[in-house]
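When we follow numbering that gives the first Met the number 0, the leftmost residue of the sequence shown carries the number 0, and every step to the right adds one. One structure is given here, and the rest of the page talks about it.
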Amino acid sequence: MRRAGHWYRTALPRVADSVKEKLNGRLEEIPEPASTAGGLHRAGLGDLLDKPGASKTPGQTPKRGRTIQCRVFAAADDEFVMCVNGEEILRGQDPARLFAQDFAFAKRDVITVRVGDRGGAKGFCCVILSEKGQTIATGLAWRSYQPQSETEWADPRQIKSANPVVRADDSSSKLVFKACGVKAMDIWGASNPSYMAFEVR
């Protein structure tokens with residue numbers, strides 16, 4: 000069953016909506032693996048999503064399961080693009096500015112980020128605040144990866160292996176703290192541009 004679950008999860012981003020509903024139904028019957036491919040750590044919103052009454056965004060299709068409305072705060076030196084399940088949700092190109100976006104997250108959503116440095120102090124910081132008031136400060140729970148294809152870096156299937164991120168300059172985290180009052184750390188991956196991923200639990 001776990002092997003079937005692995006292949007269902009692998010196929011999920013590329014299949015038609017009608018097939019996704021069927022796969023999600025089957026995945027609910029299969030125990031989740033202890034860890035994800037390549038050591039990608041899972042952390043974040045799982046407890047909220049498992050509680051009865053967790054909110055749903057109007058118009059949200061059931062294929063991703065229950066969701067919780069959140070606000071994403073992100074800053075980088077110098078530029079970043081953030082995607083969820085391969086689809087862009089936020090980008091920023093100003094190291095002196097904080098960027099924010101509302102988004103409804105579901106279990107197993109994979110957040111991927113491409114961060115580029117053009118000569119400034121390297122660093123990326125992200126905090127997710129739920130509508131219930133809980134803080135998800137991702138920090139070192141992010142993992143660094145090197146995509147096989149630059150053009151498809153945001154596709155979660157590009158994450159074949161994952162490594163720890165490193166602590167970086169604190170300039171971006173200061174912007175985040177000023178906006179939402181949450182202390183988080185700047186992080187960086189293994190290269191420039193840096194590729195990092197985080198799976199919602």
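Ideal Cβ positions, reconstructed from N, Cα and C, are used throughout, including at glycine.
Keeping to the same chain, check which residues put their C-beta closer than 8 Å to that of R8; ignore five residues upstream and five downstream.
-> As a first step, residue 8 must be located in the sequence shown, where it is residue number 9. L26, R107, listed in sequence order.
Assign K182 to one of two classes, buried (16 or more other C-beta atoms within 10 Å of its C-beta) or exposed (fewer than that).
-> To locate residue 182, count along the sequence shown from 1; it is residue 183. So K182 ends up on the exposed side.
Count the other CB atoms, across all protein chains shown, that sit within 10 Å of the CB of E20; report buried if there are 16 or more and exposed otherwise.
-> Within the sequence shown, the letter at position 21 stands for residue 20. With a threshold of 16 other beta carbon atoms within 10 Å, E20 falls short and is exposed.
Report buried or exposed for A196, applying the criterion of at least 16 other Cβ atoms within 10 angstroms of its Cβ.
-> Numbered from its first residue, the sequence shown carries residue 196 at position 197. Answer is buried; the Cβ neighbour count reaches 16.
With a 10 Å radius around its C-beta and 16 neighbouring C-beta atoms as the bar for buried, classify G24 as buried or exposed.
-> As a first step, residue 24 is located in the sequence shown; it is residue number 25 there, counting from the start. Classification of G24: exposed, given that the 10 Å Cβ count is below 16.
If you scan the region 77-121 from start to end, which runs of the alpha helix (DSSP H) of 4 or more residues do you find wholly inside it?
-> With a minimum length of 4 residues, no continuous alpha helix (DSSP H) run stays inside the region 77-121.
Using 8 Å as the Cβ pair cut-off and three pairs as the minimum, do the region 64-74 and the region 156-165 touch?
-> No, the region 64-74 does not touch the region 156-165.
When you compare only the Cα positions, how much space is there between F104 and V14?
-> Residue 104 sits at position 105 when you count from the first residue of the sequence shown. Residue 14 sits at position 15 when you count from the first residue of the sequence shown. Going from the Cα of F104 to the Cα of V14 covers about 20 Å.
Under the DSSP definition of a beta bridge, which residues are partnered with C125?
-> Residue 125 sits at position 126 when you count from the first residue of the sequence shown. The partner list for C125 (beta bridge, DSSP) reads A73.
First through last residue of the beta strand (DSSP E) which encompasses T134 | Residue mapping note: residue 134 aligns to position 135 of the sequence shown, counting from 1. Here the beta strand (DSSP E) through T134 covers 134-136.
Please name the residue in R2, R113, D77 whose C-alpha comes closest to that of E201.
-> With the chain covering only 0 through 200, there is no way to say anything about residue 201.
Residue of R70, S171, E198, R1 minimising C-alpha distance to R142 = Translated into positions along the sequence shown, residue 142 becomes position 143. The shortest C-alpha separation from R142 is found at E198.
DSSP-derived helix/strand/coil call for A15 = Within the sequence shown, residue 15 is the residue found at index 16, counting from 1. Here A15 sits in coil by DSSP.
For G188, does the count of other Cβ atoms within 10 angstroms reach 16, so buried, or fall short, so exposed?
-> Looking up residue 188 in the sequence shown gives position 189. G188 counts as buried, since no fewer than 16 other beta carbons sit within 10 angstroms of its beta carbon.
Do three or more CB pairs link the region 125-132 to the region 144-153 at distances below 8 Å?
-> In short, these stretches do not touch, since the Cβ pair count stays below three.
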